[in-house]
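Student: Final position of the sequence shown in this note's numbering is 1558; the numbers increase by one with none missing.
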Amino acid sequence: MINATAILIDVFVQQLQAGYRRTYGGFKPNYPEIIAWAGTMALENIANCDALYHNVEHTMLVTLVGQEILRGKHIREGGVTTEDWLHFIISLLCHDIGYVKGVCRQDQESVGLFATGIGDGIVPISVGATSASLTPYHVDRGKLVIDERFGGHNLIDAEQIKRNIELTRFPVPADETHQDRHNYSGLARAADLIGQLSDPRYLKKISSLFYEFEEVGTNKVLGYKTPGDLRRNYAKFYWNGVFPYIPAALKYLELTQEGKQIVANLYANVFQVENESRILQGINQFPAEVNGGIRNDQNKGSDSNDQKSFELTGLNL
1242 MINATAILID
1252 VFVQQLQAGY
1262 RRTYGGFKPN
1272 YPEIIAWAGT
1282 MALENIANCD
1292 ALYHNVEHTM
1302 LVTLVGQEIL
1312 RGKHIREGGV
1322 TTEDWLHFII
1332 SLLCHDIGYV
1342 KGVCRQDQES
1352 VGLFATGIGD
1362 GIVPISVGAT
1372 SASLTPYHVD
1382 RGKLVIDERF
1392 GGHNLIDAEQ
1402 IKRNIELTRF
1412 PVPADETHQD
1422 RHNYSGLARA
1432 ADLIGQLSDP
1442 RYLKKISSLF
1452 YEFEEVGTNK
1462 VLGYKTPGDL
1472 RRNYAKFYWN
1482 GVFPYIPAAL
1492 KYLELTQEGK
1502 QIVANLYANV
1512 FQVENESRIL
1522 QGINQFPAEV
1532 NGGIRNDQNK
1542 GSDSNDQKSF
1552 ELTGLNL
């Protein structure tokens, strides 16, 4: 029987190995094998996640975008060591592994109790809830997995990977550490954001993200009632909530042919939603024009909710 997930994982791992060899040739030939092992380990775990959006494909897209960011940085500036590459790629492979039920040693999946990732904290998840219910804890759970798998490892620096994963936390905390946009941790966040939003099928997947939001109560906070509400806010969310954190990464992506395509896909999604908004506004304004300029105020005051939407829309990134 054909297993589409297994095929995807095999091809993806080959791409990761090819990306390393394209940059470093035969230098430290064991590193591509380590990356392959880490990729298979992470994705086999994530394949067991039943969240609608945060799945194997999402992790693949984020990691491949991160690989292109590293290539661009190395082409322009140099200095990206094989160790930098290894830790950055493992960080992206594991950045959402905290969504997976049972992945932490403290998890007691049979009774619905899961590690929060902070100390010995445990949180109950109701029967029938998907992995999306772990959204508030997935970053800390991911860091716990890294400690459990790589703590004390001679080659893999668990602390560096944890720092990278921490900066994928979204919305971005206000402290100075989380404002990094240029170092590897900041670039890991950029890869997470760009990897999601540059997906050519992202606008088709918004409904999956909407129902993840529904499970954790985000839609109620934002006032979203349908996936279309989330889609309509997408462009504003990008410019106000995402773009400030990704200019350095975009600069690196523009230096490779694959990176240029990623950037083109990103803005194709943004511009499509912006164009839909303009068309809708034109339709809404037409009756006012033919009726002597009578103004339709049905959307008056909607802008007052924009900032809250910018801050919260990305809770599941």
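Don't be surprised by glycine CBs; every beta carbon is placed ideally from N, CA and C.
1) Could you tell me the boundaries of the alpha helix (DSSP H) in which A1431 lies?
2) Could you check the C-alpha separation between A1373 and C1290 for me, to the nearest Å?
3) How big is the Cα-Cα spacing for N1506 and F1253?
4) Keeping to the same chain, check which residues put their C-beta closer than 7 Å to that of N1516; ignore five residues upstream and five downstream.
5) How about L1333 and T1304: do their beta carbons lie closer than 8 Å?
6) Can you give me the C-alpha to C-alpha distance between Q1502 and V1352, rounded to a whole angstrom?
7) A1283 by DSSP, collapsed to three states: which one?
8) Could you name the residues of the same chain whose beta carbon sits closer than 6 Å to that of I1250, not counting the 5 residues immediately before and after it, in chain order?
9) Assuming E1453 and Y1294 form a contact by the criterion Cβ under 8 Å, report the distance between their Cβ atoms to the nearest whole angstrom.
10) Please classify D1312 as buried or exposed, where buried requires at least 16 other C-beta atoms within 10 Å of its C-beta.
11) Considering F1478, what are the terminal residues of the alpha helix (DSSP H) in which it resides?
12) How is the beta strand (DSSP E) around V1364 delimited, first residue to last?
13) Suppose you measure from the CA of V1321 to the CA of N1424; what does that come to, to the nearest Å?
14) Out of T1300, R1346, P1365, which one is the CA nearest neighbour of L1354?
15) So N1395 and L1444 are supposed to be a Cβ contact under 8 Å. How far apart are they, rounded?
16) Count the C-beta pairs between the segment 1272-1288 and the segment 1456-1464 that are closer than 8 Å, then say yes if the count reaches three, no if not.
17) According to the Cβ coordinates, are D1421 and L1434 closer than 8 Å?
18) Is S1367 near the ligand NAP, in the sense that its beta carbon is under 7 Å from a heavy atom of that ligand?
19) Consult DSSP for Q1502 and reduce its assignment to one of helix, strand or coil.
20) Using CA atoms only, rank isn't needed, just tell me which of L1257, E1274, A1259, H1336 is closest to A1429.
21) I'd like the span of the alpha helix (DSSP H) that includes A1489, first residue to last.
22) On the criterion of 16 or more Cβ atoms from any shown chain inside 10 Å, does F1451 qualify as buried, or is it exposed?
23) According to DSSP, is Y1261 helix, strand or coil?
24) Taking the alpha helix (DSSP H) that A1370 belongs to, which residues open and close that run?
25) Using the DSSP secondary-structure output, state which residues sit across from A1356 in a beta bridge.
26) Check whether the Cβ of W1278 lies closer than 8 Å to any Cβ atom in chain D.
27) Excluding the 5 residues flanking F1329 on each side, which residues of the same chain have their C-beta closer than 8 Å to its C-beta?
28) Output yes or no for whether 8 Å exceeds the beta carbon distance between C1345 and E1400.
29) Would you give the residue range spanned by the alpha helix (DSSP H) that T1376 belongs to?
30) Give every residue of the same chain whose Cβ lies closer than 6 Å to the Cβ of I1447, excluding the five residues on either side of it in the sequence, and list them in chain order.
31) Give a yes or no on whether the C-beta atoms belonging to E1309 and G1500 are separated by under 8 Å.
32) For Q1349, does the three-state DSSP call read helix, strand or coil?
33) Select from T1246, P1414, G1362 the residue whose C-alpha is nearest the C-alpha of I1287.
Tutor: In short:
1) Residue mapping note: residue 1431 aligns to position 190 of the sequence shown, counting from 1. Residue range 1425-1438 is occupied by the alpha helix (DSSP H) that includes A1431.
2) The count along the sequence shown starts at 1 and reaches residue 1373 at position 132. The count along the sequence shown starts at 1 and reaches residue 1290 at position 49. Rounded to whole angstroms, A1373 to C1290 spans 9 Å at the Cα level.
3) The residue given as residue 1506 occupies position 265 in the sequence shown. The residue given as residue 1253 occupies position 12 in the sequence shown. Going by the C-alpha atoms only, they are around 19 Å apart.
4) Start at 1 with the first residue of the sequence shown, and residue 1516 comes out as number 275. There are no such residues.
5) Taking the sequence shown and counting its residues from 1, the one referred to as residue 1333 is at position 92. Taking the sequence shown and counting its residues from 1, the one referred to as residue 1304 is at position 63. Their beta carbons are under 8 Å apart, which means L1333 touches T1304 by this criterion.
6) Mapped onto the sequence shown, residue 1502 falls at position 261. Mapped onto the sequence shown, residue 1352 falls at position 111. Looking at the two C-alpha atoms, the distance is approximately 46 Å.
7) Along the sequence shown, one-based indexing puts residue 1283 at 42. Helix at A1283.
8) One-based indexing of the sequence shown puts residue 1250 at position 9. L1284.
9) Taking the first residue of the sequence shown as position 1, residue 1453 is located at position 212. Taking the first residue of the sequence shown as position 1, residue 1294 is located at position 53. Yes, E1453 and Y1294 are in contact; Cβ-Cβ is about 5 Å, under 8 Å.
10) Taking the sequence shown and counting its residues from 1, the one referred to as residue 1312 is at position 71. For the record, residue 1312 in the displayed sequence is Arg; it is not Asp. Classification for R1312: buried.
11) Reading the sequence shown from its first residue, position 237 is the one you call residue 1478. Unbroken alpha helix (DSSP H) run through F1478: 1475-1478.
12) Here the question's residue 1364 lines up with position 123 in the sequence shown. Its beta strand (DSSP E) spans residues 1363-1365.
13) Indexing the sequence shown from 1 puts residue 1321 at position 80. Indexing the sequence shown from 1 puts residue 1424 at position 183. Rounded to the nearest angstrom, the two C-alpha atoms are 11 Å apart.
14) As a position in the sequence shown, residue 1354 is number 113, starting the count at 1. Nearest C-alpha to L1354: P1365.
15) If you number the sequence shown from 1, residue 1395 lands on position 154. If you number the sequence shown from 1, residue 1444 lands on position 203. Contact flag wrong, Cβ pair sits at about 45 Å.
16) no
17) By one-based count along the sequence shown, residue 1421 stands at place 180. By one-based count along the sequence shown, residue 1434 stands at place 193. Going by C-beta atoms, D1421 is not nearer than 8 Å to L1434.
18) Inclusion of the ligand NAP in the displayed structure is not the case, the ligand content being empty and no account of it being possible.
19) Taking the first residue of the sequence shown as 1, we reach residue 1502 at position 261. The answer is helix: DSSP assigns Q1502 an H, G or I state.
20) Residue 1429 sits at position 188 when you count from the first residue of the sequence shown. Answer by Cα proximity: H1336.
21) As a first step, residue 1489 must be located in the sequence shown, where it is residue number 248. Start and end: 1488-1494.
22) Indexing the sequence shown from 1 puts residue 1451 at position 210. With 16 or more Cβ atoms within 10 Å of its Cβ, F1451 is classed as buried.
23) Taking the sequence shown and counting its residues from 1, the one referred to as residue 1261 is at position 20. Y1261: helix per DSSP, three-state reduction.
24) Taking the first residue of the sequence shown as 1, we reach residue 1370 at position 129. Neither: A1370 is in no alpha helix (DSSP H) and is coded neither H nor E.
25) One-based indexing of the sequence shown puts residue 1356 at position 115. Answer is I1363, bridged to A1356.
26) The structure shown contains no chain D; it is built from a single protein chain.
27) Taking the first residue of the sequence shown as position 1, residue 1329 is located at position 88. G1307, L1311, N1405, Y1425, L1428, A1429.
28) Translated into the one-based positions of the sequence shown, residue 1345 becomes position 104. Translated into the one-based positions of the sequence shown, residue 1400 becomes position 159. Against a cut-off of 8 Å, the Cβ pair of E1400 and C1345 comes out as no contact.
29) Looking up residue 1376 in the sequence shown gives position 135. From DSSP, T1376 is part of no alpha helix (DSSP H); its letter is neither H nor E.
30) On the sequence shown, position 206 is the one that residue 1447 refers to. Excluding sequence neighbours, I1447 sits near P1468, L1471, R1472.
31) Residue 1309 sits at position 68 when you count from the first residue of the sequence shown. Residue 1500 sits at position 259 when you count from the first residue of the sequence shown. Cβ atoms of E1309 and G1500: closer than 8 Å.
32) As a first step, residue 1349 is located in the sequence shown; it is residue number 108 there, counting from the start. Here Q1349 sits in strand by DSSP.
33) The count along the sequence shown starts at 1 and reaches residue 1287 at position 46. Ranking T1246, P1414, G1362 by Cα distance to I1287 puts T1246 first.
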